Amino acid sequence: LLDALPHDANVDELTIGGLEVIASEADGDRATGTVDMTVTDAQPENSLGGDEEATEGGETIEGTWEATQGADGATTTVEIGGNSYALDEAIDTGSGELTVDSGGTWSFVPGTNAENTGFDFELVTLDSDGDEARATHTVTVDDGAGPTPGDSDGEGKTLSLNLADAATEDGATDSTDGELAFTAGSDDITEFAFGDPANLTVDGLDGDLNWTTDGDGNLVGNLVGSLDGDDVLKLSLNGGPIGAQTSGTVTVTAELLDALPHDANVDELTIGGLEVIASEADGDRASGTVDVTVTDAQPENTLGGDKEATEGGVAIDGTWSEEAGADGVGSTTVEFGGESYALDEAIDTGSGELTVNSDGTWSFVPGTNAENTGFDFELVTLDSDGDEARSTHTVSVVDGAGPTPGDSDGEGATLSL
Numbered sequence: 001l002l003d004a005l006p007h008d009a010n011v012d013e014l015t016i017g018g019l020e021v022i023a024s025e026a027d028g029d030r031a032t033g034t035v036d037m038t039v040t041d042a043q044p045e046n047s048l049g050g051d052e053e054a055t056e057g058g059e060t061i062e063g064t065w066e067a068t069q070g071a072d073g074a075t076t077t078v079e080i081g082g083n084s085y086a087l088d089e090a091i092d093t094g095s096g097e098l099t100v101d102s103g104g105t106w107s108f109v110p111g112t113n114a115e116n117t118g119f120d121f122e123l124v125t126l127d128s129d130g131d132e133a134r135a136t137h138t139v140t141v142d143d144g145a146g147p148t149p150g151d152s153d154g155e156g157k158t159l160s161l162n163l164a165d166a167a168t169e170d171g172a173t174d175s176t177d178g179e180l181a182f183t184a185g186s187d188d189i190t191e192f193a194f195g196d197p198a199n200l201t202v203d204g205l206d207g208d209l210n211w212t213t214d215g216d217g218n219l220v221g222n223l224v225g226s227l228d229g230d231d232v233l234k235l236s237l238n239g240g241p242i243g244a245q246t247s248g249t250v251t252v253t254a255e256l257l258d259a260l261p262h263d264a265n266v267d268e269l270t271i272g273g274l275e276v277i278a279s280e281a282d283g284d285r286a287s288g289t290v291d292v293t294v295t296d297a298q299p300e301n302t303l304g305g306d307k308e309a310t311e312g313g314v315a316i317d318g319t320w321s322e323e324a325g326a327d328g329v330g331s332t333t334v335e336f337g338g339e340s341y342a343l344d345e346a347i348d349t350g351s352g353e354l355t356v357n358s359d360g361t362w363s364f365v366p367g368t369n370a371e372n373t374g375f376d377f378e379l380v381t382l383d384s385d386g387d388e389a390r391s392t393h394t395v396s397v398v399d400g401a402g403p404t405p406g407d408s409d410g411e412g413a414t415l416s417l
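Residue 1 is where the sequence shown starts when you use full-length UniProt numbering, and the numbers rise one by one after that.
Quick look at the structure:
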């Protein structure tokens with residue numbers, strides 16, 4: 001056999017028959033023998049191996065292949081999903097990019113936002129007369145890393161927001177915002193939402209907050225009790241998608257719609273346990289946390305006026321003012337000598353009569369036969385949740401005029417007997 005014979009398709013053996021060999025004697029007698037020849041077709045061979053498992057968004061995996069063409073010569077292609085591809089052609093598998101190189105290697109780069117279903121691919125070697133060899137390799141693709149709170153350095157996974165009751169006076173609201181950071185895993189982050197309101201804790205509130213979610217996905221705190229069910233606090237989110245394996249932020253806004261009743265002696269009310277959940281397209285999630293602090297409104301007052309009176313002399317006076325703050329006035333009283341008195345109530349100081357009027361004025365009428373020791377009095381403003389402001393004023397009382405001879409007209413100052 002001087003060269004390969006081109007066999008018919010699907011014919012593995014070529015047969016040559018009817019070949020006679022004739023033996024002849026000297027006298028011409030002959031005998032015939034027969035020869036059959038079989039030529040076995042050359043068959044191509046190939047093999048395919050390498051890594052069998054990849055991770056979505058992870059490192060490249062690879063392998064090798066080889067093909068023996070046989071005497072007929074052959075070509076090699078790649079089949080996947082019912083389609084045929086040339087060597088060195090990049091193939092989109094739906095889970096990443098497969099390339100079978102003509103140099104006898106193959107590589108698979110796992111994609112992000114992938115189907116993660118895995119795939120099979122075949123190496124097909126076809127010789128010139130139609131004989132083929134096939135080798136199959138299976139790659140499984142596991143789900144990649146999920147999202148994580150914080151940026152690539154782990155920063156920004158928690159957020160603290162501060163609000164002030166004082167900003168809600170006269171129907172105003174107080175608003176503040178900040179950003180929570182997230183890093184997407186092997187899939188895009190496509191959605192942000194608040195976590196379960198049942199996990200929220202409120203420390204320092206004189207009442208109860210009920211939480212609901214409005215039509216826009218905002219978390220709304222509804223206070224029952226002292227505020228009669230009015231909405232008092234709204235939390236909202238604003239953020240777009242974050243691409244796979246990149247970092248981004250979502251803006252959290254807290255809006256104080258009305259003053260909150262703090263417990264007595266509590267200056268800061270804290271809302272904790274608030275989660276913001278970032279979800280990827282495949283359902284993987286990560287949570288960031290937000291704390292909200294609401295500073296209590298504090299009342300203020302001032303007290304001033306005359307500071308010296310004369311025993312038995314003319315009345316002195318002064319003024320006072322107060323700002324109850326967003327919580328509103330609980331009460332305003334006057335304290336003197338360890339006792340508390342109402343506005344407009346006459347107070348015997350031992351040196352005269354003090355009256356602090358509800359119209360923002362006060363007066364003191366010095367008495368006679370007085371102790372002349374002077375005194376202090378305090379204006380005490382208490383707001384609706386128990387915060388207080390105090391202002392003190394001191395009045396000194398000097399001794400009045402002594403006795404004089406004669407009557408009021410100066411008569412009778414002398415006597416002759």
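Here a beta-carbon is modelled for each residue, glycine too, at the ideal position from N, C-alpha and C. Note that the structure is predicted; figures quoted are calculated from it, not measured.
Item checked: Rounded C-alpha distance that separates G81 from T112 -> 20 angstroms
Next item on the list: Look at the alpha carbon of L382 and the alpha carbon of G330, and state the distance between them as a whole number of angstroms.
Entry: 5 angstroms
Next item on the list: Go through its chain and collect everything with a Cβ distance to S107's Cβ below 6 angstroms, but skip five positions before and after it.
Entry: T60, E62 and T99
Next item on the list: Measure the CB-CB distance between T373 and V397 and report whether it falls below 8 angstroms.
Entry: yes
Margin query: Output needed for F317: all residues of its chain with C-beta closer than 8 angstroms, excluding positions within five of it in sequence on either side, in chain order.
Written below: Reading off the sequence shown, one finds Asp at residue 317, where the question assumed Phe. Answer for D317: G305, D306, T361, W362, S363 and F364, listed in chain order.
Note to self: Please list the terminal residues of the continuous beta strand (DSSP E) segment that includes D376.
What the structure shows: F375 to D383
Check: How about residue 425 and T138: do their beta carbons lie closer than 8 angstroms?
Finding: It is not possible to answer for residue 425, since the shown part of the chain is limited to 1 through 417.
Note to self: Between the stretch 334 to 343 and the stretch 280 to 295, can you find at least three pairs of beta-carbon atoms closer than 8 angstroms?
What the structure shows: no
Item checked: Buried or exposed by the 16-neighbour rule on C-beta atoms within 10 Å, applied to A309 -> buried
Next item on the list: Compute the Euclidean distance between the alpha carbons of T168 and G207, then round it to the nearest angstrom.
Entry: 18 angstroms
Item checked: Sequence ranges, beta strand (DSSP E) only - wholly within the stretch 114 to 174, length at least 3 -> 119 to 127, 132 to 142 and 158 to 164
Item checked: Bounding residues of the beta strand (DSSP E) (the contiguous stretch that carries S321) -> I316 to E323
Next item on the list: Look at the alpha carbon of G144 and the alpha carbon of G185, and state the distance between them as a whole number of angstroms.
Entry: 7 angstroms
Next item on the list: Please name the residue in I242, W211 and Q298 whose C-alpha comes closest to that of I271.
Entry: W211
Check: Is A342 helix, strand or coil when you go by DSSP?
Finding: strand
Notebook entry, point to check: Going by the beta-carbon positions, is the gap between V266 and G204 smaller than 8 angstroms?
Noted result: yes
Next item on the list: Given a cut-off of 8 angstroms, decide if A54 and G146 are closer than it, judged by their beta-carbon atoms.
Entry: no
Check: What's the gap between the Cα of S226 and the Cα of V395?
Finding: Per-residue confidence for S226 stands at a pLDDT of 31, beneath the threshold of 50, marking its modelled position as unreliable; the derived number appears in the next sentence. When rounded, the distance between both Cα atoms is 41 angstroms.
Checklist line | Contained beta strand (DSSP E) runs [length at least 3] in the stretch 199 to 283, N- to C-terminal order | finding: 201 to 203, 208 to 213, 219 to 224, 231 to 238, 247 to 256 and 268 to 280
Next item on the list: Give every residue of the same chain whose Cβ lies closer than 6 angstroms to the Cβ of L303, excluding the five residues on either side of it in the sequence, and list them in chain order.
Entry: W320, L379, S391 and H393
Check: Is it buried or exposed for I347, if we count other Cβ within 10 angstroms and need 16 for buried?
Finding: buried
Next item on the list: Look at the alpha carbon of A23 and the alpha carbon of T38, and state the distance between them as a whole number of angstroms.
Entry: 23 angstroms
Check: Is the CB-CB distance between F194 and V78 below 8 angstroms?
Finding: no
Notebook entry, point to check: If you run the structure through DSSP and keep just helix, strand and coil, what is P197?
Noted result: helix
Margin query: Using CA atoms only, rank isn't needed, just tell me which of P44, V250 and I189 is closest to G156.
Written below: V250
Note to self: Can you find the residues in the same chain that come closer than 8 angstroms, C-beta to C-beta, to D196, ignoring five residues on each side of it along the sequence?
What the structure shows: E275
Notebook entry, point to check: What is the DSSP secondary structure of L87, counted as helix, strand or coil?
Noted result: coil
Note to self: Which same chain residues end up closer than 6 angstroms to N46 when comparing Cβ atoms and leaving out the 5 residues on each side of it in sequence?
What the structure shows: A67, L123, T125, A133 and A135
Notebook entry, point to check: What three-state label does DSSP hand G111 in the structure shown?
Noted result: coil
Next item on the list: Identify the continuous beta strand (DSSP E) that holds N301 and give its terminal residues.
Entry: E300 to G305
Next item on the list: Return the CA-CA distance between D188 and T140, expressed in angstroms with no decimal places.
Entry: 21 angstroms
Note to self: Could you tell me the alpha carbon to alpha carbon distance between E388 and A166, rounded to whole angstroms?
What the structure shows: 14 angstroms
Check: Can you tell which of L260, V252, G410 and G248 has its C-alpha closest to the C-alpha of S152?
Finding: G248
Checklist line | Proximity to G229 [Cα-Cα], best of G57, D258, N238 and P241 | finding: D258
Note to self: To the nearest angstrom, how far is the alpha carbon of S358 from that of K234?
What the structure shows: 38 angstroms
Checklist line | DSSP-derived helix/strand/coil call for P44 | finding: coil
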